[in-house]
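Beneath this line is the structure, given in structure tokens, with notes to follow.
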Amino acid sequence: MTRIVAIGEAMVELAPAGADDLYRAGFAGDTLNTAWYLRKLLPASDQIAYFTALGQDALSDKLLAFIAAAGLDTAHIAQRDDSSVGLYMISLTNGERSFSYWRGQSAARRMLADDRALRAALQGADLAYLSGITLAILPPEARARLFDLLRDFRQAGGKVAFDPNLRPRLWPDPKTMTETVMQAAALSDIALPSFEDEAGWFNDPTPAATARRYREAGVALVVVKNGADPMILATADQSLTLTPPRVTDVVDTTAAGDSFNAGFLASYLQQGDLEQAGHAGASLAAAVIGQIGALVALDHDA
Ligand code: ADP
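Okay, structure coming up:
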């Protein structure tokens, strides 16, 4: 049995629902999306937990129920009385999506107010999964507690997978973002960056340069995603370049990277084959971008 703990912020999503002033409420968030797909892909005997903090209001209760209904372990999610969940709203203008966020006060920002809950969640786990967004929403002292916990977790034999998911507007300044991301990389066994983001903020000329930078930071396995272009998978003794399947009808690229990560990790954890895992990530992402929304039904759901 494998136990995975995904750590981050789940939010309420308001998406346009037809008429101009009509919105549908759903739930999403980068690490939640990955956990959600991991749950679909891995055998029922594996345990996938989501770690965050929520409020005690009705919306938080609904989000908690959603996470549990997805088959994710919610045992270590605290419900705080001082805050609620974050919210984002999608606007469509001439077919282009833009996002507005209300997440500054979300309970998730306080998920490491004390480190006991996460310590308990990680107890006996095999893999911790987090992203740059997980880091961005935490106050600096909570981030330091998270890094300490990850150090202890790795010492005890656990592995850490990390998607840098660079979101400059969640950080006080670009320098804090890039420095903190590389600190997390130094504590990670698997890094899953996206070249387009990395190139802009780290001045990487090529995906190979991105792979090298994370390898040099100490990451054993680096997968550099690159949209429709070839991805790079690099370890100490292997470097592969794989081209994702062509998607002729890209409908909505939301959660492309999150779903890729789930497809990759599920395959890699089960088969341990880098090339196969790269293809598995890309084929899940291809299915996800061919449909609207972050969380889409998969073929084998039917
Ligand atoms: P992110 O969503 O994190 O920015 P990318 O855009 O690099 O990440 O996409 C992640 C993965 O999704 C890619 O590695 C690829 O497998 C798949 N993907 C994204 N866009 C396309 C596309 N236009 N055609 C085919 N695959 C794509």
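Here my numbering is used: the first residue of the sequence shown is 2, the next is one more, and so on.
The C-beta atom is built at its ideal place from N, Cα and C for all residues, glycine as well.
1. Given a cut-off of 9 Å, decide if residue 25 and residue 71 are closer than it, judged by their beta-carbon atoms.
2. Would you give the residue range spanned by the alpha helix (DSSP H) that residue 147 belongs to?
3. Is residue 189 near the ligand ADP - that is, is its Cβ less than 8 Å away from at least one heavy atom of it?
4. Going residue by residue through the region 160 to 222, where are the continuous beta strand (DSSP E) segments of at least 3 residues, counting only ones entirely within it?
5. Could you round the C-beta distance between residue 222 and residue 190 to whole angstroms and report it? I think they count as a contact, below 8 Å.
6. For the alpha helix (DSSP H) containing residue 276, name the first residue and the last one.
7. Taking the alpha carbon of residue 121 as the reference point, which residue from 172, 178, 75 has its own alpha carbon closest?
8. Should residue 139 be listed as close to the ligand NAD, given that the test is whether its C-beta is under 8 Å from any heavy atom?
9. So, for residue 297: in the same chain, excluding its five sequence neighbours on each side, which residues have a beta-carbon less than 6 Å away from its beta-carbon?
10. Roughly how many whole angstroms lie between the Cα atoms of residue 51 and residue 8?
11. Pull up the distance between the alpha-carbon of residue 237 and that of residue 230, whole angstroms please.
12. DSSP three-state call for residue 1: helix, strand or coil?
13. Just to confirm, does residue 268 get its C-beta within under 8 Å of one of the non-hydrogen atoms of the ligand ADP?
14. Should residue 204 be labelled buried (16 or more other beta-carbon atoms within 10 Å of its own) or exposed?
15. Just checking residue 252 against the ligand ADP - is the residue's beta carbon closer than 8 Å to any of the ligand's heavy atoms?
16. Does the beta carbon of residue 287 fall short of 8 Å from some heavy atom of the ligand ADP?
17. Assuming the contact rule is C-beta atoms closer than 8 Å, residue 116 and residue 150 should be a hit. Round their C-beta distance to whole Å, please.
18. Got a sec, what are the start and stop residues for the alpha helix (DSSP H) residue 135 sits in?
19. Beta carbon of residue 133, beta carbon of residue 79: below 9 Å?
20. State buried or exposed for residue 176, treating a residue as buried only when at least 16 other CB atoms are found within 10 Å of its CB.
21. Do you know offhand how far residue 277's Cα is from residue 59's?
The short version:
1. Residue 25 is positioned such that its CB atom lies no closer than 9 Å to that of residue 71.
2. 141 to 156
3. Incorrect: residue 189 has no Cβ contact closer than 8 Å to the ligand ADP.
4. Qualifying beta strand (DSSP E) stretches, in chain order: 160 to 164.
5. 7 Å
6. Segment 275 to 290, the alpha helix (DSSP H) holding residue 276.
7. It is 75.
8. The ligand NAD is not part of this structure, which contains only the ligand ADP.
9. 289
10. 6 Å
11. 23 Å
12. The structure shown does not extend to residue 1, since the chain is modelled only from 2 through 303, so no value can be given for it.
13. no
14. Answer is exposed; the Cβ neighbour count stays below 16.
15. In this structure, the ligand ADP has no non-hydrogen atom nearer than 8 Å to the beta-carbon of residue 252.
16. yes
17. 6 Å
18. 133 to 138
19. no
20. When all chains shown are included, residue 176 counts as exposed.
21. 43 Å
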